[in-house]
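For reference, the structure is listed below as structure tokens.
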Amino acid sequence: MTDTPAEEAVDPGEPMDLSPRPGRPARRGIRRWGPILVVALVVLVIGIVLWRVLADATLVFREVDDAVERREELGDDRFRMIGSPVSGSPQNITLDDGRPAVAFSVTLDGVVADVVHTGGVSDQFQPEVPVVIDGHWVESSAYAGVADDGWYFASDRMLVKHDNDYRVENQDRIDDAEERGQYE
Amino acid sequence: MSTATTSSSATRVGVPATTSSRATKVLGWLTLAGFAVLVALAFAWVPEDTRITEQGDVVGQFDAVRLMFVHVPSAILAYTGFGLTFLASLAYLRWRTDWWDMMAHSSAEIGVVFGVLTLVTGSIWGRPTWQTWWEWGDVRQVTALVMVLVFIGYLAVRRIPAEAAVKARRSAVIALVGAVNIVIVNRSVDWWENRTLHQQSTLFARKIRDETLFTLSFSFAVGMVLFAWLLLHRFRTAYLESQIEELEVQEALEERRAEADGADHGREQP
Chain A
2 MTDTPAEEAV DPGEPMDLSP RPGRPARRGI RRWGPILVVA LVVLVIGIVL WRVLADATLV
62 FREVDDAVER REELGDDRFR MIGSPVSGSP QNITLDDGRP AVAFSVTLDG VVADVVHTGG
122 VSDQFQPEVP VVIDGHWVES SAYAGVADDG WYFASDRMLV KHDNDYRVEN QDRIDDAEER
182 GQYE
Chain B
4 MSTATTSSSA TRVGVPATTS SRATKVLGWL TLAGFAVLVA LAFAWVPEDT RITEQGDVVG
64 QFDAVRLMFV HVPSAILAYT GFGLTFLASL AYLRWRTDWW DMMAHSSAEI GVVFGVLTLV
124 TGSIWGRPTW QTWWEWGDVR QVTALVMVLV FIGYLAVRRI PAEAAVKARR SAVIALVGAV
184 NIVIVNRSVD WWENRTLHQQ STLFARKIRD ETLFTLSFSF AVGMVLFAWL LLHRFRTAYL
244 ESQIEELEVQ EALEERRAEA DGADHGREQP
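If you read the sequences in order, they're chains A and B. Using my numbering, you'd call the opening residue of the first sequence number 2 and step up by one each time. Using my numbering, you'd call the opening residue of the second sequence number 4 and step up by one each time.
Next comes the structure, spelled out in structure tokens:
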């Protein structure tokens, strides 16, 4: 510590000033308002994110029975529908405009709806494992599935909502399926 | 993280020069051994998730389910870290001791690490099971992100220059407010069931096979040992930092006194 400004300033002939050094007034504003600004920014970002998620009605999953019941009311509105694919229902089709699609039916609480899906199909698309599909109702009998009620749900995005069941059931039947090569 | 050397001054006056101790060594080895056993259990003992439906279709998450043994304990440890920060902050506001402030700071840092790990592993698990890495409309994902952001903000506020007591009081208040989100994150899958792809609780519903339940419980135990190991090291690092700051102040004072003595001595000589 031989080259500090304090030591350089020492003059053996003069008494040394040991009074406390004044603070830096210029930084007081930052010290005072900095934390408040940071907190305000965090609160603002959190508020926007929560508002975006909680206030956006299109992000709510409508269950199949509810969506079917409100079909007239929903009209062409885009929404998310949740239901379980009916076993054996998926089939590859070609739309009138030449686009490839997958047609299947979803069900919940005994109500069935037909779906024509033009987006990617999840690897986890399985019977009885609920899917969330984004789209809207179309009144048409062009693609009749299990429901065959003159409507289908035109979707272009599919997500899978896996349940919380990790129990094993019918282990003997799973073993049989494995032996038959139904899955590996 | 086994050592954190201090300045020579710190060693000179007897402040420990390391955060390691017999307890941390035992915890460290237990963590390593626990991880080895956990990997073996998760990949060799626990079967893949499969079920067969009444129509004869084989369904399930298959091998993706093994991510559970990292993701779920990470979330539990994040809750633990933030929960401990909440309790320590409460204690600080009551007793105003550095010990509680350092505890709150240390556990918040560890909580953020596990919170980020939870988000990352959840995203990795979401890709094969949900078909998406991230879903902005999912309340569980978004509230978990908000929880981590709040505590990153907490750590940021701690780094803003201020008097130690002011800094501690300010961050304690943020921790108390931020901790509310722990409950929101945990309950979000039940409160907003139709706004999340995330599954509801498996453990409380008892919908889990024995091998999976045992391995998951074991992963909690290993995680808790890891948490204790990290917390001890981080707390001791915080303590050493505070000691160094104190020593630096003392050294600065000594230097100023020496300057003054030197000046006086110079004046006495002809």
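Glycine included, C-beta positions come from ideal geometry on N, C-alpha and C. Everything numeric in this text was worked out from a predicted model, so none of it was measured.
When DSSP labels each residue in this structure, what does residue i get in the three-state scheme?
| i | result |
| --- | --- |
| L109 (chain A) | strand |
| W152 (chain A) | strand |
| H201 (chain B) | coil |
| Q134 (chain B) | coil |
| F65 (chain B) | strand |
| R259 (chain B) | helix |
| E57 (chain B) | coil |
| P76 (chain B) | helix |
| R168 (chain A) | coil |
| T100 (chain B) | coil |
| V117 (chain A) | strand |
| A231 (chain B) | helix |
| E166 (chain B) | coil |
| D213 (chain B) | helix |
| E140 (chain A) | strand |
| A241 (chain B) | helix |
| Q253 (chain B) | helix |
| T22 (chain B) | coil |
| A145 (chain A) | coil |
| A182 (chain B) | coil |
Mind checking who residue i pairs with in its DSSP beta bridge?
| i | result |
| --- | --- |
| M159 (chain A) | A:I134 |
| P86 (chain A) | A:V107 |
| P91 (chain A) | Looking at the DSSP assignment, P91 (chain A) forms no beta bridge with any residue, so it has no partner. |
| R81 (chain A) | A:F62, A:D135 |
| D3 (chain B) | Chain B is shown from 4 up to 273; residue 3 (chain B) falls before or after that span and cannot be answered. |
| P186 (chain A) | Outside the shown range of chain A (2 to 185) lies residue 186 (chain A), about which nothing can therefore be said. |
Considering only residues of the same chain and omitting the five flanking positions on each side of residue i, which have a CB-CB separation below 7 Å?
| i | result |
| --- | --- |
| L219 (chain B) | M71, F72, V75 |
| F89 (chain B) | A178, L179, A182 |
| Y242 (chain B) | M105 |
| S142 (chain A) | G151 |
| Y167 (chain A) | none |
| A148 (chain A) | S106, V113, A114, D115 |
| T205 (chain B) | I211 |
Find out if the Cβ-Cβ distance for the pair residue i, residue j is shorter than 8 Å.
| i | j | result |
| --- | --- | --- |
| T27 (chain B) | L229 (chain B) | no |
| V115 (chain B) | V151 (chain B) | yes |
| F154 (chain A) | D110 (chain A) | no |
| H201 (chain B) | D104 (chain B) | no |
| V149 (chain B) | I47 (chain A) | yes |
| A81 (chain B) | G118 (chain B) | yes |
| V43 (chain A) | V153 (chain B) | yes |
| P86 (chain A) | V103 (chain A) | no |
| V65 (chain A) | V112 (chain A) | yes |
| V161 (chain A) | V132 (chain A) | yes |
| A78 (chain B) | P131 (chain B) | no |
| V61 (chain B) | E129 (chain A) | no |
| S92 (chain B) | A175 (chain B) | yes |
| T108 (chain A) | P101 (chain A) | no |
| T83 (chain B) | R239 (chain B) | no |
| R237 (chain B) | T199 (chain B) | no |
Excluding five sequence neighbours on each side, which residues of the same chain lie with their C-beta closer than 6 Å to the C-beta of residue i?
| i | result |
| --- | --- |
| Q253 (chain B) | none |
| F126 (chain A) | none |
| A68 (chain A) | M82 |
| L87 (chain B) | S110 |
| R203 (chain B) | In the sequence as displayed, the identity of residue 203 (chain B) is Gln instead of Arg. Contacts found: V192. |
CB-CB under 8 Å to residue i, same chain, minus the five flanking residues each way: which ones, in chain order?
| i | result |
| --- | --- |
| D157 (chain A) | H118, T119, G120, D135, G136 |
| R97 (chain B) | none |
| W48 (chain B) | E214, T218 |
| L41 (chain B) | F72, T218, F221, S222, V225 |
Using a C-beta to C-beta distance shorter than 7 Å, which residues of chain E count as neighbours of residue i?
| i | result |
| --- | --- |
| Q64 (chain B) | Note that chain E does not occur in the displayed structure, where the protein chains are A and B. |
Q) Does the stretch 130-138 of chain B come within contact of the stretch 216-235 of chain B, defined as at least 3 CB pairs closer than 8 Å? A) no
Q. Are three or more beta carbon pairs between the stretch 81-92 of chain A and the stretch 135-152 of chain A nearer than 8 Å?
A. yes
Q) Pairing CB atoms from the stretch 51-66 of chain B with CB atoms from the stretch 29-42 of chain B, are three or more of them under 8 Å? A) no
(Q) For the pair the stretch 94-114 of chain B and the stretch 150-166 of chain B, tell me if three or more CB-CB distances fall below 8 Å. (A) yes
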